[in-house]
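Undergrad: Have a look at this one before I ask anything.
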Amino acid sequence: MRFAAQKGTRDILPEDIYKWHKLERLYSDVCHRYGYEEIRIPTFEQTDLFQRGVGDTTDVVQKEMYTFDDKGGRSITLRPEGTAGVVRSFIENGMGSLPSPVRMFYNITAFRYENVQKGRLREFHQFGLEAFGSEGPEIDAEIISTVKLFFDEIGLSKTKLCINSIGCPSCRSKYNEVLKDYFRPHIDKLCEDCRSRFEKNPLRMIDCKVESCGAIAKDAPRLIDYLCDECDEHFAKLKANLDLLGISYEIDSGIVRGLDYYTRTVFEFKSENVGTQGTICGGGRYDGLVEEIGGQHVPGIGYAMGVERLLMECEAQGIEFGNPNNVLVYFAAMSDSAKALVSKLVFDLRKAGIGAEQDLMNRSFRAQMKYAGKAKIPYLVVIGDDEVSSGQIKVKRMEDGVEEQIGIDNLISYMKAL
RNA sequence: GUGGGAUUAGUUCAGCUGGUUAGAGCGCUAGUUUGUGGCACUAGAAAUCACGGGUUCGAAUCCCGUAUCCCACCCCA
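Take the first sequence: its position 244, counted from the start at 1, is 805 in my numbering, and no numbers get skipped.
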């Protein structure tokens, strides 16, 4: 094998594509019902956008970006996520003057230079959406409900919604001091990463996976207990709205999110079937992001879900996608004159919107039959010299062998009615 | 960046402690006397045994390196 797909990339093969089509259709349908319209953004942006948007201190920016200089010497990065690009587009296209909230969904590939494992690729797909201009918390609950509805319509159950609030910059800076006070006596027992987090991003010490750090972090004060009055009320209303919609959730004060732009509401939909990558969908509110990227102060909220992970979850739960058979009828030809008629009939049917196939391999009659059977084409028509001269053909339903005789002139209307 | 396991036809795998032309199932192609399929039977195509070195009279088999895949740490979708 000379060439192989690059590490962390994969082909989506014809035999699987119907699953993707179904999910894509369903997701855009759900979004449309909520008043979201699709946006398509470029695959790459200038590197600064992600440094500013996603955050300089995040792993995604520090070690996982596909960054290169183009021939004009510009630093370019393949998008590692969708939000930054959508926000850039929102600002660049003056969408702030549109009636609020401005709502957009997307279906993108994203790129992260990571070590590959179950549920984690270097090129992967995300469905997601962003809403600008509303402070919430009603819209927070609403976008969570889009995920819930989408999952329900796929037939997915057993996914767990976890929510948390990480507050606004003011309650967070207060909390950071509280956290530092808590960790300070233990600082020499912390791992190297945590010691640098202590200054740069204390919040991240909480979900450190190093055992010794985790033991210390376990009893750390929780941000959720230090929210300012406004943030506290916002979170309470979010919960009330979720209750109202009948969406069950768990409060998980450990959800911190690894992207810097989040404020207040953060949430994840988790599963146990995606390896240790349990998060199928993650998102939250980012009230400071538009400003950070150079726009006016516009609150925003959004999420992204990993389509590969979603598909894994579907498979684990035994969801049936129902592979549609696009070809309805196969024509087997027994002679050269029959072949000519078959070619014409097949084209006529295709023009009429009906899937039809004929032999393209110069197969014997018997082999043509075999092919039709293996291809599981639901109907069969045999054309020989008799049919050519009489203009009468038999349409056979392969499932039970029942045949019906019709005139060639009625073929299209007959097939359409099946 | 760090560990563990793996890599043999399109695919799933077998190949014992190194020994003559590397096997099987499924799939594919054709045929089983050209008017009815999936089954069955027969035949065929298809593998520089991941790549590069080394040990040996001899390597798919042992050793080293590289790549890739799977799993995990980290982090995330």
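Note that the Cβ used here is the ideal one computed from N, Cα and C, for glycine as well. Treat the numbers as computed from the prediction; the structure is a model and nothing was measured.
Taking the C-alpha atoms as reference points, what is the distance between L682 and R571?
TA: Mapped onto the first sequence, residue 682 falls at position 121. Mapped onto the first sequence, residue 571 falls at position 10. Their Cα atoms are separated by approximately 9 Å.
Undergrad: Quick one: Cα of G968 to Cα of L902, how far?
TA: Counted from its first residue, the first sequence places residue 968 at position 407. Counted from its first residue, the first sequence places residue 902 at position 341. Approximately 14 Å between the Cα atoms of the pair.
Undergrad: Which residue's Cα is closest to the Cα of S661: I637, R635, K719 and I700?
TA: Along the first sequence, one-based indexing puts residue 661 at 100. The option with the nearest alpha carbon to S661 is I700.
Undergrad: Using the beta-carbon count (16 or more within 10 Å), is A893 buried or exposed?
TA: Here residue 893 refers to the residue found at position 332 when the first sequence is read from its first residue. Buried, since its Cβ has 16 or more Cβ neighbours within 10 Å.
Undergrad: Pick helix, strand or coil for E636, following the three-state DSSP scheme.
TA: Locating residue 636 in the first sequence gives position 75, where the first residue counts as 1. According to the sequence provided, residue 636 is Ser. The question's Glu does not apply to it. It is a strand residue.
Undergrad: Between G883 and T604, what straight-line distance do the alpha-carbon atoms span, to the nearest angstrom?
TA: Stepping through the first sequence from its first residue, residue 883 is reached at position 322. Stepping through the first sequence from its first residue, residue 604 is reached at position 43. G883 and T604: Cα-Cα distance of roughly 31 Å.
Undergrad: Note down, one range per segment and in chain order, each beta strand (DSSP E) of at least 3 residues found wholly within the segment 853-899.
TA: Correct list: 861-867 and 890-894.
Undergrad: Let me know the secondary structure DSSP gives I727 once reduced to three states.
TA: Along the first sequence, read from residue 1 onward, the residue named residue 727 stands at position 166. If DSSP states are grouped into helix, strand and coil, I727 belongs with coil.
Undergrad: To the nearest angstrom, report how far apart I1011 and I602 are at their CA atoms.
TA: Residue 1011 is absent from the structure shown; the chain starts at 562 and stops at 979.
Undergrad: Do the segment 864-878 and the segment 568-587 touch if we need at least three Cβ pairs shorter than 8 Å?
TA: The segment 864-878, when compared against the segment 568-587, does touch it at the 8 Å Cβ threshold.
Undergrad: Alpha carbon to alpha carbon, what distance is there between G616 and P885?
TA: Position 324 of the first sequence, counted from the first residue, corresponds to residue 885. Position 55 of the first sequence, counted from the first residue, corresponds to residue 616. Straight-line Cα distance between these residues: approximately 44 Å.
Undergrad: Could I get the ranges of all uninterrupted alpha helix (DSSP H) runs contained in the segment 631-694, with 4 residues as the minimum, in chain order?
TA: Runs of the alpha helix (DSSP H) inside the segment 631-694: 644-653.
Undergrad: Straight-line CA distance for R733 to V888?
TA: Working through the first sequence from its first residue, we reach residue 733 at position 172. Working through the first sequence from its first residue, we reach residue 888 at position 327. Using only the alpha carbons, I get a separation of about 59 Å.
Undergrad: Over the uninterrupted beta strand (DSSP E) stretch that includes G844, give me the two end residues.
TA: Along the first sequence, one-based indexing puts residue 844 at 283. Taken as a continuous stretch (DSSP letters only), the beta strand (DSSP E) holding G844 covers T840 to R846.
Undergrad: Among G633, S809, G952 and V739, which residue has its Cα nearest to the Cα of S718?
TA: Start at 1 with the first residue of the first sequence, and residue 718 comes out as number 157. Of the candidates G633, S809, G952 and V739, the one whose C-alpha sits nearest the C-alpha of S718 is S809.
Undergrad: Out of E696, S832, S636 and V943, state which residue places its alpha-carbon closest to the alpha-carbon of C729.
TA: Position 168 of the first sequence, counted from the start, is the residue given in the question as residue 729. Measuring from the Cα of C729, the nearest candidate turns out to be E696.
Undergrad: Measuring only the C-alpha atoms, how far is E964 from P641?
TA: One-based indexing of the first sequence puts residue 964 at position 403. One-based indexing of the first sequence puts residue 641 at position 80. Spanning the two alpha carbons is a distance of roughly 56 Å.
Undergrad: Taking 9 Å as the cut-off, decide whether the C-beta atoms of H858 and V868 are in contact.
TA: The sequence position of residue 858 within the first sequence is 297, counting from 1. The sequence position of residue 868 within the first sequence is 307, counting from 1. No; because the gap between Cβ atoms is not below 9 Å, this pair is not in contact.
Undergrad: Return the residue from the list A917, D821 and D946 that minimises the CA-CA distance to Q623.
TA: Walking along the first sequence from the start, residue 623 turns up at place 62. Comparing Cα positions, the closest option is D821.
Undergrad: Just list the residues that DSSP pairs A917 with in beta bridges.
TA: Counting from one through the first sequence, the residue named residue 917 turns up at place 356. Paired residues: V890.
Undergrad: DSSP on E738, reduced to helix/strand/coil?
TA: Here residue 738 corresponds to residue number 177 of the first sequence, with the count starting at 1. Three-state DSSP puts E738 in a helix.
Undergrad: State buried or exposed for A778, treating a residue as buried only when at least 16 other CB atoms are found within 10 Å of its CB.
TA: One-based indexing of the first sequence puts residue 778 at position 217. Buried.
Undergrad: Measure from the alpha carbon of K831 to the alpha carbon of each residue in N668, G849, R825 and I812, then state which is nearest.
TA: Position 270 of the first sequence, counted from the start, is the residue given in the question as residue 831. Residue I812 is the option with its Cα nearest to K831.
Undergrad: Residue ranges of each alpha helix (DSSP H) run of no fewer than 4 residues wholly in the segment 755-833, ordered along the chain?
TA: As far as the segment 755-833 is concerned, its whole alpha helix (DSSP H) runs of at least 4 residues are 772-778 and 790-806.
Undergrad: How would you write the range of the alpha helix (DSSP H) that R591 sits in, first residue to last?
TA: Position 30 of the first sequence, counting from 1, holds the residue named residue 591. It should be noted that the sequence gives Val, not Arg, for residue 591. Note, V591: alpha helix (DSSP H), I578 to R594.
Undergrad: Run through the segment 903-961 for me and flag every whole beta strand (DSSP E) of 3 or more residues, listed as ranges in chain order.
TA: Runs of the beta strand (DSSP E) inside the segment 903-961: 917-919, 940-944 and 953-958.
Undergrad: So who's on the other strand from I967, going by DSSP bridges?
TA: The residue given as residue 967 occupies position 406 in the first sequence. Answer by DSSP bridge pairing, in chain order: I954.
Undergrad: If you run the structure through DSSP and keep just helix, strand and coil, what is T707?
TA: The count along the first sequence starts at 1 and reaches residue 707 at position 146. Correct three-state label for T707: helix.
Undergrad: Mapping DSSP to helix, strand and coil, what is Y597?
TA: Locating residue 597 in the first sequence gives position 36, counting from the first residue. Coil.
Undergrad: Name the residue from N762, D713, I915 and I973 whose alpha carbon lies nearest to the alpha carbon of Q878.
TA: In the first sequence, the residue the question calls residue 878 occupies position 317. Here the closest residue by C-alpha is D713.
Undergrad: Taking the straight line between their C-alpha atoms, what separation do you get for L941 and R958?
TA: For this step, residue 941 is matched to residue 380 along the first sequence. For this step, residue 958 is matched to residue 397 along the first sequence. Approximately 7 Å between the Cα atoms of the pair.
Undergrad: Cα separation between R649 and I854?
TA: Reading the first sequence from its first residue, position 88 is the one you call residue 649. Reading the first sequence from its first residue, position 293 is the one you call residue 854. Going by the C-alpha atoms only, they are around 7 Å apart.
Undergrad: Considering only residues of the same chain and omitting the five flanking positions on each side of K741, which have a CB-CB separation below 7 Å?
TA: Within the first sequence, the letter at position 180 stands for residue 741. Answer for K741: F759 and P763, listed in chain order.
Undergrad: Which class does T619 belong to by DSSP, given the choice of helix, strand or coil?
TA: As a working mapping, residue 619 is identified with position 58 in the first sequence. Residue state, collapsed to three classes: coil.
Undergrad: Excluding the five sequence neighbours on either side, which residues of its own chain have a C-beta within less than 7 Å of the C-beta of E691, listed in chain order?
TA: Reading the first sequence from its first residue, position 130 is the one you call residue 691. Excluding positions up to five away in sequence, the list reads T644, V647, M665, G861 and G863.
Undergrad: Quick one: what's Y975 bridged to in DSSP?
TA: Taking the first sequence and counting its residues from 1, one reaches residue 975 at position 414. Y975 pairs with nothing; no bridge assigned.
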